[in-house]
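Asks: Encoded as structure tokens, here's the structure I'll be asking about.
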Amino acid sequence: MLSNKLEFGDTISVIAPAGFEENSIIDEKINIISSLGFNIKKSVHLYDKYGYLAGKDIDRSRDLMDAFKDPSIKAIICFRGGYGSSRILPYLNFEIIKENPKIFMGFSDITVLLNSIYEKSSLITYHGPMVNSDMMNIYNLKNFVNTLMKNNDILNISNPKSDKLNFYGSNSIEGYLVGGNLSIICSTLGTPYEIDTKDKILFIEEINEEPYKIDRMLTQLKLSNKLDCCKGFILGKFTNCNTSNTRSFSLTQVLKDNLLFFNKPTVINISSGHDNNNLILPIGAKYKIDVKKEKLGIIEEFLI
């Protein structure tokens with residue numbers, strides 16, 4: 001299911017389904033999004049604080065549902081990640097979300113919402129910058145406009161020129177994308193919100209995890225048959241995931257042992273995730289990995 005593209009002057013809802021932020025920072029970041037030419041509607045509980053959460057579970061879930069039900073709102077962008085998105089899943093009505101399709105974007109802890117909404121509502125969601133991201137970064141700004149504000153049926157995906165993509169595998173494939181933050185994906189296993197990777201292209205990224213922890217999580221996915229049934233892999237940024245421990249495997253070796261082992265078409269080093277440059281990747285859109293031509297692109301319309 002497709003959402004309508006954004007236009008300048010449209011209303012964007014800002015919600016906080018996970019961690020809280022200080023009020024002054026919320027206001028500062030919202031002013032930046034507003035200055036780009038959009039109207040902003042703040043969720044009722046945006047400024048709430050409840051322990052390390054941005055309010056109680058039921059209130060954060062109501063903010064998300066109210067944003068989907070509000071016909072004046074064109075897009076929903078999460079303020080930040082942190083922790084807490086999984087706690088609101090039981091309170092969401094995925095049928096109502098399906099009946100009110102609109103752009104929903106975030107990353108990190110928001111991964112569980114991106115994939116659950118796609119899988120249970122058949123709505124394409126968007127792994128990309130949040131309101132607290134650096135939206136004055138020219139790469140992020142151009143990517144925002146090119147991805148969310150145009151009727152794209154084909155979109156070539158590329159990094160900044162100084163940041164090379166690496167392609168592996170022996171053939172090319174097409175498939176629908178799922179995924180996001182690796183640790184959040186693993187946290188869904190064994191739950192009703194477990195990620196479905198069968199015949200999909202799996203995207204993963206991570207931050208601040210030692211190589212052995214990356215190894216452990218990839219092994220968990222492997223043992224859960226989440227990797228073998230994929231068509232291919234797209235790897236984003238693994239920020240601060242290397243180690244100075246000489247007894248440790250390197251991050252490169254861990255990825256090689258756990259992913260390149262399958263000899264599936266794989267793209268490594270996409271500028272998406274916990275990095276200053278954060279490419280928007282539509283979850284549920286159809287991608288093509290062309291290993292021979294070293295090209296990655298979206299090959300079907302994902303906005304109307």
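2 is the number that UniProt numbering gives to position 2 of the sequence shown; each next residue is one higher, with no gaps.
Just so you know, even glycine gets a beta-carbon here, dropped at the ideal spot from N, CA and C.
Touch check for the stretch 182-201 and the stretch 122-137: three-plus C-beta pairs under 8 Å?
Replies: No, the stretch 182-201 does not touch the stretch 122-137.
Asks: S121 and E95: beta carbons closer than 9 Å?
Replies: The answer is yes: Cβ separation under 9 Å.
Asks: If I follow the unbroken alpha helix (DSSP H) through C186, where does it start and stop?
Replies: Per DSSP, C186 belongs to the alpha helix (DSSP H) from L182 to S187.
Asks: Taking the beta strand (DSSP E) that A67 belongs to, which residues open and close that run?
Replies: Counting along the chain, A67 falls outside any beta strand (DSSP E), though it belongs to the alpha helix (DSSP H) covering D57 to K69.
Asks: Taking 9 Å as the threshold (C-beta atoms), are K5 and K150 in contact?
Replies: Closer than 9 Å, so yes.
Asks: Between the beta-carbon of F233 and the beta-carbon of K213, is there less than 9 Å?
Replies: No.
Asks: For the pair the stretch 61-74 and the stretch 87-103, tell me if three or more CB-CB distances fall below 8 Å.
Replies: Output reads yes: the stretch 87-103 touches the stretch 61-74.
Asks: Measuring alpha carbon to alpha carbon, tell me which residue in S86, I304 and D228 is nearest T191.
Replies: The shortest Cα separation from T191 among S86, I304 and D228 belongs to S86.
Asks: Cα-Cα, which of K293, L218 and L281 is closest to F261?
Replies: For the residues K293, L218 and L281, the minimum Cα distance to F261 belongs to L218.
Asks: Within the continuous alpha helix (DSSP H) that includes T219, where are the two ends?
Replies: Residues P211 to L223.
Asks: Among the candidates N166, I304, T197 and D153, whose CA atom is the shortest distance from the CA of L255?
Replies: Looking at the Cα atoms, N166 is the closest of the given residues.
Asks: With H127 and L141 assumed to form a contact (beta carbons below 8 Å), what rounded beta-carbon distance in angstroms separates them?
Replies: About 17 Å; that fails the 8 Å criterion.
Asks: Exposed or buried, which one is I73 when buried takes at least 16 other CB atoms within 10 Å?
Replies: Buried, since its Cβ has 16 or more Cβ neighbours within 10 Å.
Asks: Beta-carbon within less than 6 Å of N208's beta-carbon, same chain only, minus the 5 sequence neighbours each way: which residues are those?
Replies: Same-chain partners within the cutoff: N240.
Asks: Between the alpha carbons of residue 308 and K69, how many angstroms are there, rounded?
Replies: No answer is possible for residue 308: it lies beyond the span of the chain, which begins at 1 and ends at 304.
Asks: With a Cβ-Cβ cutoff of 9 Å, do Y47 and I26 count as a contact?
Replies: In this structure, I26 lies closer than 9 Å to Y47 by Cβ.
Asks: Where does T191 fall in DSSP's three states?
Replies: Three-state DSSP puts T191 in coil, outside helix and strand.
Asks: Ends of the beta strand (DSSP E) at T147?
Replies: Per DSSP, T147 belongs to no beta strand (DSSP E); it is in the alpha helix (DSSP H), I138 to L148.
Asks: Going by beta-carbon coordinates alone, are T125 and P17 separated by less than 9 Å?
Replies: No. Outside cutoff.
Asks: Please determine, among S34, F104 and P71, the residue with the shortest C-alpha to C-alpha distance to I15.
Replies: Among S34, F104 and P71, the Cα nearest to that of I15 is on F104.
Asks: Between E301, G81 and L123, which lies nearest to S108 when the distance is taken from Cα to Cα?
Replies: Ranking the options by Cα distance to S108, first place goes to G81.
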